[in-house]
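Chemist:
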Amino acid sequence: MITLEGVTKRYGGQAVVDDVSITFGSEGVTSLIGPNGAGKSTLFGLVGRLITPDAGRLAVDGMDVATTPSAQLATVLAVLRQDNQVAARLTVQDLVEFGRFPHSRGRLTVVDREHVERAISYLDLGPFRQRFLDELSGGQRQRAFIAMVLAQDTKYVLLDEPLNNLDLRHMTEIMRLVRQMADDLGKRVVTVLHDINFAATWSDRIVAMRDGAVVADAAARDIMRPEVLAAVYDTSVDVREIDGRPVALYYG
Amino acid sequence: MLTDPVPQTAPARTSAHVRERWAQPPVRLAVLAAVVLALAVVYLFTDVPGSLLFALEIRSLAVGAMAVVAVAVGVSTVVFHTITQNRILTPSIMGFDAFYRLISTVIVFLSGSASFLAFDALTLWLVQVVVMVAFSVLLFTWLFGGKRRSLHLMLLVGIVLGTFFRAVTEWMQRMLDPLDFQVLSDSLFASLTRPDELLLGLTAGLVALGCAAVVPLLRTLDVLTLGAPAAVGLGVEHRRVVMVLFTIVSVMVAASTALVGPILFFGLIVANLAYSYAGSFRHVWTLPTAVLLGMVCLLGGQLVLDRALDFGGTLSVVIEFAGGLFFLYLVLRKGAR
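Residue numbers (the working numbering), protein chains in the order written: chain Y, 591 to 842; chain R, 9 to 345.
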């Protein structure tokens, strides 16, 4: 379980995350939605120990994020950030091997290599394993980074806007993967999404944030209502039922 | 690749195989080591005007100084590049060279060139090292260790302070007696060929300590190439590790600068050549490659100067010139992309 108790983060007096208490990890896929500046990425930064909170307590499986050694947390929690710029020329294989760092400190054992192989084949990266990251398309790059996170072999996986800059096909592909990771591998995935239809289609639970606070937290179907979405995004959103699934129409 | 040692005569069918074997990082490194060894032998044993023993004694000191500088500059630049996530700025951006010049200038300014020359070399070296390390570590803890934690802010402050030191230095130098100025500017040019034996030993010791501290962090350095967020996600205690590495960088740069004087662009050349030549991003390979490339530059440059140009100049001037051009090339190439 990822537990947050009264977590607050302020920037220049303004609370970006304001006294948030929430628990993640009982569902397979949880999506975090909300307008820009709602505090979603900050919340991820706090859980991923990139940002230190001004108040409150964070714990992963009972381990306090503030006091537990970073390496120990990295064996249960993997975080993938939005922009992953790498200056050095790495191959896909190199990148995925980095996922084993928390376990092996860089000296790969037989077990580590098995995990790397599994992650590479799980994401169909076999043909690209010797390619350099700057020679890949956006979708392939994103898959390579997800393979790294997968090789890290953690129970909890945090993905910050994994669909950024991807086309329709690759967005669907990534979401299907996220779903599989939860269903087949038993991962607990928490992901920040901007497209609420993707969130509704693929996640078990949706958490909506606004102004640093959680304003709605329920199953996808209960979030996909015009009044709820209007309150979250401060704009009118029409929701229609298509083939038994709620679809939000927000194109104007 | 720059000097890919691919044998052209290999049969077509196996040439890809051979090329692959030659492209392996260990092979590349071994080739480079052989080149360094050959250059060192040529430098030490050829063109001896008088007693071989005397020449060896003098020249091995020079080779020792070159080795120490190559290690200090090569390692510190590559490590600095990794922790700052850039490949163009070198530790000298933090104002090391400017600070070095300022310290010397202040001494001459306050006490005159006579007492500057009379100054014990060891004391001067110690003062330089301590003041430079203290300055950079202070700057670093202030801007990176605290709440702000911004590498870019630190670099910016370093640049601004460097400019400030340079201005103060220039102002003081203008007020100097011409004779004092002559003595001072002479001492400010990096000189590799006549190192003080004791100082060389001390610097070598410090640099060796630095290297010993880097070795256990080699794999962590590899992870740091992914950037701070990813490294933290993979369990690296980023702030602590970067603090340790930065302190090592400061000590190495300060020690070698105090020994031979400032060399600005040298690190930039060897580090960037190392990235393309090493054939791997891993620090196990890039660090020694940068060091050996540094040796090639220094030994080769000194040989050309001594033998071809008949002692027609100072090595550091040549390196700064070539380095400046290389820097422009790097900046323009990055800009074009």
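Where is the CB? At the ideal position from N, CA and C, for every residue including glycine.
Might you give, ordered along the chain, the residues of its own chain that have their beta carbon closer than 7 angstroms to the beta carbon of G103/R, omitting 5 neighbours on each side?
Modeler: Indexing the second sequence from 1 puts residue 103/R at position 95. For G103/R, where only same-chain residues beyond five positions count, the Cβ hits under 7 angstroms are G166, L169, G170 and F173.
Chemist: Between L783/Y and V827/Y, what straight-line distance do the alpha-carbon atoms span, to the nearest angstrom?
Modeler: Mapped onto the first sequence, residue 783/Y falls at position 193. Mapped onto the first sequence, residue 827/Y falls at position 237. Their backbone Cα atoms lie some 17 angstroms apart in a straight line.
Chemist: Does the distance from the CB of V215/R to the CB of A80/R come in under 8 angstroms?
Modeler: Here residue 215/R is taken as the residue at index 207 of the second sequence, counted from 1. Here residue 80/R is taken as the residue at index 72 of the second sequence, counted from 1. Yes, the Cβ-Cβ distance between V215/R and A80/R is below 8 angstroms.
Chemist: Does the separation of the CB atoms of V71/R and A46/R fall below 8 angstroms?
Modeler: Position 63 of the second sequence, counted from the first residue, corresponds to residue 71/R. Position 38 of the second sequence, counted from the first residue, corresponds to residue 46/R. For V71/R and A46/R, no; Cβs fall outside 8 angstroms.
Chemist: Find the nearest neighbour of P717/Y within the set I736/Y, G689/Y and T681/Y, judged by alpha-carbon distance.
Modeler: Taking the first residue of the first sequence as position 1, residue 717/Y is located at position 127. Comparing Cα-Cα distances from P717/Y to each of I736/Y, G689/Y and T681/Y, the minimum goes to T681/Y.
Chemist: Does DSSP put V26/R in a helix, in a strand, or in coil?
Modeler: Along the second sequence, one-based indexing puts residue 26/R at 18. V26/R: helix per DSSP, three-state reduction.
Chemist: If contacts are defined as beta-carbon pairs under 8 angstroms, then L232/R and I91/R qualify, I think. What distance do you get, rounded to the angstrom?
Modeler: In the second sequence, residue 232/R corresponds to position 224, counting from 1. In the second sequence, residue 91/R corresponds to position 83, counting from 1. With 8 angstroms as the limit, L232/R and I91/R qualify as a contact, their Cβ atoms being about 6 angstroms apart.
Chemist: Is there a Cβ from chain R that is less than 8 angstroms from the Cβ of P643/Y?
Modeler: As a working note, residue 643/Y is residue 53 in the first sequence. No, no contact with chain R.
Chemist: Measuring CA to CA, which of D750/Y, Q742/Y, Q683/Y and G689/Y is closest to L726/Y?
Modeler: Looking up residue 726/Y in the first sequence gives position 136. It is Q683/Y.
Chemist: What residue range is occupied by the uninterrupted alpha helix (DSSP H) comprising G729/Y?
Modeler: Within the first sequence, numbered from 1, the residue matching residue 729/Y stands at position 139. Segment G728 to A741, the alpha helix (DSSP H) holding G729/Y.
Chemist: Give a yes or no on whether the minimum CB-CB distance between L622/Y and chain R is below 8 angstroms.
Modeler: Here residue 622/Y refers to the residue found at position 32 of the first sequence. No - not a single Cβ of chain R is within 8 angstroms of the one on L622/Y.
Chemist: Which two residues bound the contiguous beta strand (DSSP E) that contains M799/Y?
Modeler: As a position in the first sequence, residue 799/Y is number 209, starting the count at 1. Residues R795 to R800.
Chemist: Short of 7 angstroms Cβ to Cβ, which residues in the region 695-707 of chain Y face chain R?
Modeler: Those would be R695 and G696, in chain order.
Chemist: State whether the region 204-223 of chain R contacts the region 249-261 of chain R, with contact taken as three or more CB pairs (one from each stretch) at a distance under 8 angstroms.
Modeler: At 8 angstroms Cβ cutoff, the stretches touch.
Chemist: Would you say A678/Y reaches chain R, if we count a Cβ-Cβ gap shorter than 8 angstroms as a contact?
Modeler: By one-based count along the first sequence, residue 678/Y stands at place 88. Yes, contact with chain R.
Chemist: Determine the contact status of T613/Y and I641/Y, defining contact as a CB-CB distance below 8 angstroms.
Modeler: As a first step, residue 613/Y is located in the first sequence; it is residue number 23 there, counting from the start. As a first step, residue 641/Y is located in the first sequence; it is residue number 51 there, counting from the start. No. Outside cutoff.
Chemist: Using the beta-carbon count (16 or more within 10 Å), is T781/Y buried or exposed?
Modeler: Here the question's residue 781/Y lines up with position 191 in the first sequence. It is buried - the Cβ of T781/Y has at least 16 other Cβ atoms within 10 Å.
Chemist: From the DSSP output, which residues share a beta bridge with T632/Y?
Modeler: One-based indexing of the first sequence puts residue 632/Y at position 42. Partner(s): none; T632/Y has no beta bridge.
Chemist: Using beta carbons (cut-off 8 angstroms, strictly below), is G638/Y in contact with chain R?
Modeler: Against the first sequence, residue 638/Y aligns to sequence position 48. Answer yes: the Cβ-Cβ gap between G638/Y and chain R drops below 8 angstroms somewhere.
Chemist: What does E595/Y pair with, by DSSP beta-bridge criteria?
Modeler: Numbered from 1 along the first sequence, position 5 holds the residue referred to as residue 595/Y. In the DSSP output, where bridge partners are listed per residue, E595/Y has R647/Y.
Chemist: Relative to the C-alpha of Q732/Y, which residue among D673/Y, V650/Y and G834/Y is closest?
Modeler: Taking the first sequence and counting its residues from 1, one reaches residue 732/Y at position 142. Closest option to Q732/Y, Cα to Cα, is D673/Y.
Chemist: Can a CB atom of chain R be found closer than 8 angstroms to the CB of N674/Y?
Modeler: Locating residue 674/Y in the first sequence gives position 84, counting from the first residue. Judged by the 8 angstroms Cβ criterion, N674/Y is in contact with chain R.
Chemist: Does the count of Cβ pairs from the region 734-751 of chain Y and the region 662-673 of chain Y closer than 8 angstroms reach three?
Modeler: Contact between the region 734-751 of chain Y and the region 662-673 of chain Y is present, because at least three Cβ pairs lie under 8 angstroms.
Chemist: Cβ of L594/Y within 8 angstroms of Cβ of S621/Y?
Modeler: Taking the first residue of the first sequence as 1, we reach residue 594/Y at position 4. Taking the first residue of the first sequence as 1, we reach residue 621/Y at position 31. No; because the gap between Cβ atoms is not below 8 angstroms, this pair is not in contact.
Chemist: DSSP three-state call for R679/Y: helix, strand or coil?
Modeler: As a working mapping, residue 679/Y is identified with position 89 in the first sequence. Three-state DSSP puts R679/Y in coil, outside helix and strand.
Chemist: Can you give the Cα-Cα distance for V135/R and D230/R, rounded to whole angstroms?
Modeler: Sequence index remark: in the second sequence, residue 135/R carries index 127 (1-based). Sequence index remark: in the second sequence, residue 230/R carries index 222 (1-based). For V135/R and D230/R, the distance between alpha carbons rounds to 34 angstroms.
Chemist: What's the gap between the Cα of T598/Y and the Cα of L633/Y?
Modeler: Counting from 1 along the first sequence, the entry for residue 598/Y is found at position 8. Counting from 1 along the first sequence, the entry for residue 633/Y is found at position 43. C-alpha separation (whole angstroms): 9 angstroms.
Chemist: Do A628/Y and D801/Y have their CB atoms nearer than 8 angstroms?
Modeler: Residue numbering aside, residue 628/Y sits at position 38 when the first sequence is read from its first letter. Residue numbering aside, residue 801/Y sits at position 211 when the first sequence is read from its first letter. It is a contact, given that the beta carbons lie within the stated cut-off.
Chemist: On the CB-based measure, 16 or more other CB atoms within 10 Å of its CB, does H1/R come out buried or exposed?
Modeler: The structure shown does not extend to residue 1/R, since chain R spans only 9 to 345, so no value can be given for it.
Chemist: Can you tell me which of the three DSSP states E245/R falls into?
Modeler: Locating residue 245/R in the second sequence gives position 237, where the first residue counts as 1. It is coil, neither helix nor strand.
Chemist: Rounded to whole angstroms, what is the Cα-Cα separation between E617/Y and D743/Y?
Modeler: Counted from its first residue, the first sequence places residue 617/Y at position 27. Counted from its first residue, the first sequence places residue 743/Y at position 153. So the alpha carbons of these two residues sit roughly 18 angstroms apart.
Chemist: What does the alpha-carbon distance come out to for the pair F117/R and W179/R?
Modeler: To locate residue 117/R, count along the second sequence from 1; it is residue 109. To locate residue 179/R, count along the second sequence from 1; it is residue 171. Rounded to the nearest angstrom, the two C-alpha atoms are 10 angstroms apart.
Chemist: Can you list, in chain order, the stretches of the alpha helix (DSSP H) that have 4 or more residues and sit fully within the region 137-221 of chain R?
Modeler: Listed in chain order, they are 159-182 and 186-196.
Chemist: Excluding five sequence neighbours on each side, which residues of the same chain lie with their C-beta closer than 8 angstroms to the C-beta of M771/Y?
Modeler: For the purposes of this step, residue 771/Y is identified with residue 181 of the first sequence, where counting begins at 1. Correct list, in chain order: L740, V747, K777 and V779.
Chemist: The region 240-266 of chain R: which residues have C-beta closer than 7 angstroms to a C-beta of chain Y, in chain order?
Modeler: Here the close residues are V240, G241, L242, G243, V244 and E245.
Chemist: From the DSSP output, read off the bridge partner residues of S123/R.
Modeler: Stepping through the second sequence from its first residue, residue 123/R is reached at position 115. Per DSSP, none; premise fails for S123/R.
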